[in-house]
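Undergrad:
Protein chains in written order, with our numbering: chain A, -18 to 413; chain B, -18 to 413.
1) So, for residue 329(A): in the same chain, excluding its five sequence neighbours on each side, which residues have a beta-carbon less than 6 Å away from its beta-carbon?
2) Using CA atoms only, rank isn't needed, just tell me which of 127(B), 126(B) and 120(B) is closest to residue 133(B).
3) So, is the C-beta of residue 338(B) closer than 8 Å to a C-beta in chain A?
4) Looking at chain B, is there any beta carbon in it that lies within less than 8 Å of the beta carbon of residue 277(A)?
5) For chain B, is any of its Cβ atoms less than 8 Å away from the one on residue 20(A)?
6) So, under 8 Å CB-CB, residue 420(A) and residue 10(A) are touching, yes? Tell me the CB distance rounded to an integer number of Å.
7) Roughly how many angstroms separate the alpha carbons of residue 111(A) and residue 60(B), rounded to a whole number?
8) Sorted by chain position, which residues of the same chain lie with C-beta nearer than 8 Å to residue 165(A)'s C-beta, five sequence neighbours on each side aside?
9) Counting only Cβ pairs nearer than 9 Å, list the residues of chain A close to residue 293(B).
10) If we require 4 or more residues per run, which alpha helix (DSSP H) segments fall completely within the region -6 to 73 of chain B?
11) Indicate whether at least one CB of chain A lies closer than 8 Å to the CB of residue 196(B).
12) Return helix, strand or coil for residue 404(B), following the three-state DSSP convention.
13) List the residues of chain B that residue 217(A) touches, going by C-beta distances under 8 Å, in chain order.
14) Please report how far the alpha carbon of residue 242(B) lies from the alpha carbon of residue 248(B), in whole angstroms.
15) Compute the Euclidean distance between the alpha carbons of residue 397(A) and residue 280(B), then round it to the nearest angstrom.
16) Along the beta strand (DSSP E) that carries residue 248(A), what are the first and last residues, could you check?
17) Using a Cβ-Cβ cut-off of 8 Å, state whether residue 287(A) counts as contacting chain B.
18) Just the chain A side, please: which residues come within less than 9 Å of residue 114(B) by C-beta, in chain order?
19) Counting only beta-carbon separations shorter than 8 Å, does residue 176(B) have a partner in chain A?
20) Could you check what DSSP says for residue 358(A) in three-state terms: helix, strand or coil?
21) For residue 227(B), go through chain A and note every residue whose CB falls closer than 7 Å to its CB, in chain order.
22) What three-state label does DSSP hand residue 209(A) in the structure shown?
23) Between the alpha carbons of residue 346(B) and residue 367(B), how many angstroms are there, rounded?
24) Using only the alpha-carbon positions, how far apart do residue 338(B) and residue 267(B) sit?
25) Could you pull the start and end residues of the alpha helix (DSSP H) that residue 241(A) belongs to?
26) Determine the direct distance from the alpha carbon of residue 152(A) to that of residue 126(A), and round the result to whole angstroms.
27) Report the CB separation of residue 254(B) from residue 294(B) in whole angstroms; it is logged as a contact under 8 Å.
28) Counting pairs of beta carbons, one from the region 255 to 264 of chain A and one from the region 227 to 247 of chain B, are three or more of them closer than 8 Å?
29) Can you list, in chain order, the stretches of the beta strand (DSSP E) that have 3 or more residues and sit fully within the region 313 to 400 of chain B?
30) Going along the chain, which unbroken runs of the beta strand (DSSP E) with 3 or more residues stay wholly within the region 99 to 182 of chain A?
31) Start and end of the beta strand (DSSP E) containing residue 309(A)?
32) Using 10 angstroms around the beta-carbon of residue 118(A), count the other beta-carbons present and answer buried if the total reaches 16, otherwise exposed.
33) Between the region -11 to 6 of chain B and the region 205 to 225 of chain A, can you find at least three pairs of beta-carbon atoms closer than 8 Å?
34) Where does residue 295(B) fall in DSSP's three states?
35) Buried or exposed for residue 167(B), please, with buried defined as at least 16 other CB atoms from any protein chain shown within 10 angstroms of its CB.
36) Provide the residue span of the alpha helix (DSSP H) that contains residue 195(B), from first to last.
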């Protein structure tokens, strides 16, 4: 079964907003074995919406749209798609009453404005997709040949909710039906991917190790996806039945891990920060950070993980040298002799924050993110990190490529990587 | 002149990567008055690439693609698009020699692998778009009717470089030519947008203030774009000549600012962190931060701005209560009586970091980002911020909506907003 996604809005088309809605839907659908044929973004333009939906329906008969359901004049999704199906619009009194009740309950006024009433207009013969997260309901429109369009709101929180509650069950049922129609249940060809996330190794070095075992990949396609967190390896099975695809992926994953497993920190969308926190929990380590060039980014990555407060105590953003000296205890000698960007300084930052914040383990980062501040000896991209696990210090220095934000992101990832490896090495260290 | 963008890659189609390349190209093209008709993403699939390009050419005659130019077997862009133009492929010896030289210079080996040689295959009759940032050159392919496709690499840094150096000049020249063909130079209709960025006011409250002045917008379309940094207002002129569009936008911007200017912190892609830093520079204020629920996010926003080291000293990530007490001097009484999430605690955090880090101004944030940790009195989303400018304290409490990451992002933005307003109010405060 194939689906096309169409995301609607001038802000998307013009690049002011990244299409996180489309990405979310694509991942969710792929996870249930539905393949995405194509993704399209069009602006707030009735004819353009209609044309994109008509073409997508002709290709797959199954389309999900986001955006353009609100009350403002640029919200054109419903009438444009109704026209594609040759349907008119009708006022849904139930939706209208719900909108009025919500308007009054929110204290926005006594009477729903006329412009907002149009949110209650729906295509004739459409099913309503209840929105428990906002005011604009979603719409399911289907013709007698079984071709359908699901229209979701554009606000991400609402879109995710309506999709999970109202659309995913319908699509899953259809995917199962189309699979069983295609043959014995579960034997219809699917496209299934598996991603192994690596860090601390370059794409070319990964390829050097994997190329010799290419014949063990069972004909699966292998993509190298370099990002700032590292290089993701994606194995994809095309055109196999679901069970066979899974078996082939299992075998290929085993072969790849045998070759480069030391660099694999997770699968899918795993976040190294969460994996480090889990390992800290296993080792009974409370952690702290000391950050110079990353300026809080490492702390932010860690605290983005729900529940991190059980293990993360806090840290020092030591952007100025005075803060490094006063609040981390980095020696003036160290700063003068080796400089603020040096392994020596990174080590004293890590030890300093560990001791002062009474943590078991600490990470420290100092570097030159650029674009200014580089010297011939320490060009932009020079970064030092250090890790202190119960007094055992490790540090390293690296020359990174990329712009300011890439250097910062890679530095934070590298510090996490160093702690992750250090904990693996010191797995035997008993809790005091 | 209209262009379509087609971004190529399974990782995009399946939502593992957000389409930042497409967004970048859309913004760059809009800035020179080229409108984007549609954006499409397809996977690493030759027939799908060919179909998408053929359809886009039929609509606009002008297409830019990204991705699929590398040496691996899933890089199918060039042959697929060559087929659309009815062209074969030829080996370009100049590119081949450059690839070999680069391979050896990088120390990757003595001989370029066979698979990498295919990067030197180009469609017959194509122009080469030099890539000074990586190995895969871009391709410009054009037919005798003037319909063209520019193929760019998928690595963002390389894509941006090749686009700026090789594609933008060609597209600008064509846009100018098509404008002058359409009438007197500069009078061809364009689509031009201007964005005003607001924070600290809800979308509905903005609409209440702007709706009464709708007749002063000169017929321009107005879009409300809510994001976590606030609500962007985008004014767009369609179908006017460039000069007339600019004049109309100027007039509408003046009218909007007269109505809601207190909430407008910038235009376009302005970042409030940068605007706050600029105001700090004007006021001679060195700043520090104290962060609980944001865990470093505010510091990270500030230090993402090049040159922030001149004004930003550092701060304390005070995730645990012990860190709040020991390293910021928040009173145990305060923590017991009012709790860690209270205006009282936020104020002591701000004053504490300002004094200890010898800053002129400080921001502090404490809150419950969720999903856990909420109570009936302080539900998830309760956030307190405080600002201390040379001893003058301000604080506030808010109930935010959204998930953990939204609450954190909005909290950091809110703290910046509070300092920004506070500096405006205390513009008269002399530097000590």
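Using N, Cα and C, we set each Cβ at its ideal position, and we do this for glycine too.
TA: Inspection of the coordinates gives the following:
1) Answer for residue 329(A): 311 and 315, listed in chain order.
2) Taking only the C-alpha atoms, the option nearest residue 133(B) is 120(B).
3) It does: the Cβ of residue 338(B) has a partner Cβ on chain A nearer than 8 Å.
4) So, interface residue.
5) In terms of beta-carbon proximity, residue 20(A) lines the interface with chain B, with at least one pair separated by less than 8 Å.
6) Beyond the ends of chain A as shown, which are -18 and 413, falls residue 420(A); an answer cannot be given.
7) Whole-angstrom Cα-Cα distance: 46 Å.
8) The pLDDT assigned to residue 165(A) is 47, lower than 50, so where the model puts this residue is not dependable, and the model offers no usable value.
9) Identification of chain A residues near residue 293(B) by a Cβ-Cβ cut-off of 9 Å yields 276, 298, 300 and 301, ordered along the chain.
10) Within the region -6 to 73 of chain B, the complete alpha helix (DSSP H) runs of at least 4 residues are 1 to 12, 27 to 41 and 58 to 65.
11) With a threshold of 8 Å between beta carbons, residue 196(B) makes no contact with chain A.
12) In the structure shown, residue 404(B) adopts helical secondary structure according to DSSP, grouped into three states.
13) In chain order: -9.
14) Cα-Cα distance, rounded: 12 Å.
15) Residue 397(A) and residue 280(B): Cα-Cα distance of roughly 19 Å.
16) It spans 245 to 248 - the beta strand (DSSP E) in which residue 248(A) sits, taken as one unbroken run.
17) It does; some Cβ of chain B falls within 8 Å.
18) Per Cβ cutoff of 9 Å: no residues; residue 114(B) is ~10 Å from chain A at best.
19) The Cβ of residue 176(B) sits closer than 8 Å to at least one Cβ of chain A.
20) If DSSP states are grouped into helix, strand and coil, residue 358(A) belongs with coil.
21) Near residue 227(B) there are no residues of chain A at all, since even the closest Cβ is about 17 Å away, more than 7 Å.
22) Residue 209(A) falls in the coil class under three-state DSSP.
23) Between residue 346(B) and residue 367(B), the C-alpha separation is close to 7 Å.
24) C-alpha separation (whole angstroms): 10 Å.
25) If you look at residue 241(A), you'll find it in the alpha helix (DSSP H) that goes 223 to 241.
26) Roughly 16 Å separates the two Cα atoms.
27) The C-beta distance from residue 254(B) to residue 294(B) rounds to 15 Å, too long to meet the 8 Å contact threshold.
28) Three or more Cβ pairs closer than 8 Å define a contact, and the region 255 to 264 of chain A falls short of that threshold against the region 227 to 247 of chain B.
29) Whole beta strand (DSSP E) segments, 3+ residues: 342 to 348, 363 to 370 and 373 to 380.
30) Correct list: 102 to 104, 108 to 110, 119 to 123, 129 to 133 and 170 to 179.
31) Membership of residue 309(A) in any beta strand (DSSP E) is not indicated; the residue belongs instead to the alpha helix (DSSP H) covering 302 to 309.
32) Around the beta carbon of residue 118(A), 16 or more other beta carbons lie within 10 angstroms, which makes this residue buried.
33) Yes, the region 205 to 225 of chain A touches the region -11 to 6 of chain B.
34) If DSSP states are grouped into helix, strand and coil, residue 295(B) belongs with the strands.
35) The predicted position of residue 167(B) is uncertain, since its pLDDT is 49 and thus under 50; a value taken from the coordinates is nonetheless stated next. By the neighbour-count criterion, in which 16 or more other beta carbons inside 10 Å mark a residue as buried, residue 167(B) falls on the exposed side.
36) First-last for residue 195(B): undefined, no H or E at that position.
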